[in-house]
Every structure is written in structure tokens, then in C-alpha cells.
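Visitor:
In this note's numbering, the protein residues as written are 386 to 626.
The following block contains the structure:
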């Protein structure tokens, strides 16, 4: 599970006593050497835990302690802990040495077939503006079944970013993202909108205003994607739908 999901978990409503019990049980396991519990404890300490009314922390964030537990989990060989440690080390303010260490931890996690490690490696190279290597790692994550990576690979094929432009490949990856299991709903909807754009442009598929509108409406069902909203209006206006 991505670290971001555990931060959401930390914001769930739960009585203070239950949070303290959960934290104590997790800490006991972590101190006994359970690598998964060490990562879990680090996640709790990283984001903090909110009380049932969500107006105060039941457990305050402690980033220094979180980093220590991520480190212990990573050293013990836990891939999730290795990714979490790499994320800490590759933050925006990271030094070159820290970034190099992060890459090392991500690659260790990759040996355990962690798609999240591949995505994080892609992000490191993307931020370095090394688009070729970024594409390579997004593609690795996509092959490992990550739907969000499928979407990113599709976008890069569409734009020719880090890879030769190939509209048909872009459409194929958008479809895989839409039908994928390991993908957030937001990314699935974005893939639908991207497919709709492809139909409107006739890029990688036969041009079809009807199919473009169909996919755009599915993707922008909550009307929260401005670009899709704008294109939907344009299609309706030009097609007089």
C-alpha cells in the first residue's frame, strides 16, 4: 500500500483509546523486530493520527522517529519500508547524496518486484528532467500491473516524452489503465478523458465525436477536470449536440 494511503488511514475517525491501543500494539511488534510493523509504525508517526472528531491529533507527527522506523524496516529487507525510506530521502530538499541513497533503496525494493519503487524511480528521473529514464521506469511499473503507470506511459507516448511519439501505443495504454485493477479512481477517470481526447483528435484511433464525448463524460463524471469540461462544451457546440 502506498505511503499516501496510510496517511489517509491515519485521518480515519477512531476513538482516542483505540488509536493508543493500536499504536502500542504496533510499537511492541516493531521493537520485537517485525519489519512490517516497523514500517507501519513509521507511517503512523509520519502523518500523525487524528482523534474521532478530527479536530486534534491523537498521535502527533514525529518525522524524525518515522524516519528511524522506516530505516529499520528497510534494513530488515521490507520492500515497503525501503520505498518509504527512499521517499523520505528523495524529498524536494534532498542533497545529491540523499537522492543517490534513495535510488539505491528504490532499486533494492525493485528486486522484490515493487511497482511503487519503479514509480518512485521514474519520479526521481522526471524531476531531474531525464525523461528517457523516467519513461523506462514508468514502463517497468506498468508491466508490473500498476494502472497509474499505464496512464503515465500513455501520456508519454502521446507527447513523445522520453520515447518516440506513438499515438496507437498511447491509446492502448489508456485502455489498459481504464481496465486496470491497481489504479486510483482519479487516474482511471483521467485515462478515460485522455481516450476521449484521442477520439476527438483522431489520434491513434479513427476520429469520432460521439465516442470522444462518451469517454469524456465518463471520465469527467464529477465535473472536476477543467480540460475535459472545456472540451465537452466544444464538442457539443461544434457537433450541435
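The C-beta atom is built at its ideal place from N, Cα and C for all residues, glycine as well.
Model, not experiment: these values are computed from the prediction.
Could you tell me which of 555, 574, 571 and 611 sits nearest to residue 587, measuring between CA atoms?
Guide: Checking every option, the nearest Cα to that of residue 587 belongs to 555.
Visitor: Under the three-state reduction of DSSP, which class applies to residue 386: helix, strand or coil?
Guide: Unreliable placement is indicated for residue 386, whose pLDDT of 37 sits below 50; no coordinate value is reported for it.
Visitor: Which whole-angstrom value describes the C-beta separation of residue 459 and residue 500, a residue pair presumed to lie in contact below a C-beta threshold of 8 angstroms?
Guide: Their Cβ separation, rounded to whole angstroms, is 17 angstroms, which puts residue 459 and residue 500 out of contact at 8 angstroms.
Visitor: If you count every other CB in all the chains shown that lies within 10 Å of the CB of residue 573, and 16 or more means buried, which is it?
Guide: By the neighbour-count rule (16 or more Cβ atoms within 10 Å), residue 573 is buried.
Visitor: For residue 492, which of 448, 472, 480 and 476 has the nearest alpha-carbon?
Guide: Looking at the Cα atoms, 472 is the closest of the given residues.
Visitor: Taking the straight line between their C-alpha atoms, what separation do you get for residue 515 and residue 617?
Guide: Cα to Cα, the separation comes out at about 34 angstroms.
Visitor: Does the separation of the CB atoms of residue 414 and residue 420 fall below 7 angstroms?
Guide: No.
Visitor: Return the first residue and the last residue of the alpha helix (DSSP H) that residue 508 is part of.
Guide: Residue 508 -> alpha helix (DSSP H) spans 500-512.
Visitor: Taking all protein chains shown into account, do 16 or more other C-beta atoms lie within 10 angstroms of the C-beta of residue 558, making it buried, or fewer, making it exposed?
Guide: With 16 or more other Cβ atoms within 10 Å, it is buried.
Visitor: How many Å lie between residue 504 and residue 533 at the Cα?
Guide: Distance between the alpha carbons of residue 504 and residue 533 is about 9 angstroms.
Visitor: Can you tell me where the alpha helix (DSSP H) with residue 603 in it begins and where it stops?
Guide: Residue 603 -> alpha helix (DSSP H) spans 594-604.
Visitor: In the structure shown, what three-state DSSP assignment does residue 548 receive?
Guide: Of the three classes helix, strand and coil, the one that applies to residue 548 here is coil, per DSSP.
Visitor: Does the stretch 476-489 come within contact of the stretch 446-466, defined as at least 3 CB pairs closer than 8 angstroms?
Guide: Taking 8 angstroms as the limit for Cβ pairs, the verdict is that the stretch 446-466 does not touch the stretch 476-489.
Visitor: Would DSSP call residue 590 helix, strand or coil?
Guide: Correct three-state label for residue 590: coil.
Visitor: Using DSSP with H/G/I as helix, E/B as strand and the rest coil, what is residue 515?
Guide: Correct three-state label for residue 515: coil.
Visitor: Have a look at residue 560 and residue 612 and give me their C-alpha separation to the nearest angstrom.
Guide: Rounded to the nearest angstrom, the two C-alpha atoms are 19 angstroms apart.
Visitor: Can you list, in chain order, the residues of its chain whose CB lies under 6 angstroms from that of residue 579, leaving out five sequence neighbours each side?
Guide: Here the set comprises 559.
Visitor: Quick one: Cα of residue 518 to Cα of residue 571, how far?
Guide: The alpha-carbon atoms of residue 518 and residue 571 are separated by roughly 25 angstroms.
Visitor: Would you mind working out which of 522, 598 and 550 sits nearest residue 509, comparing C-alpha positions?
Guide: Ranking 522, 598 and 550 by Cα distance to residue 509 puts 522 first.
Visitor: Quick one: give me the first and last residue of the alpha helix (DSSP H) that residue 413 is part of.
Guide: Residues 401-416.
Visitor: Got a sec, what are the start and stop residues for the alpha helix (DSSP H) residue 495 sits in?
Guide: Note, residue 495: alpha helix (DSSP H), 481-495.
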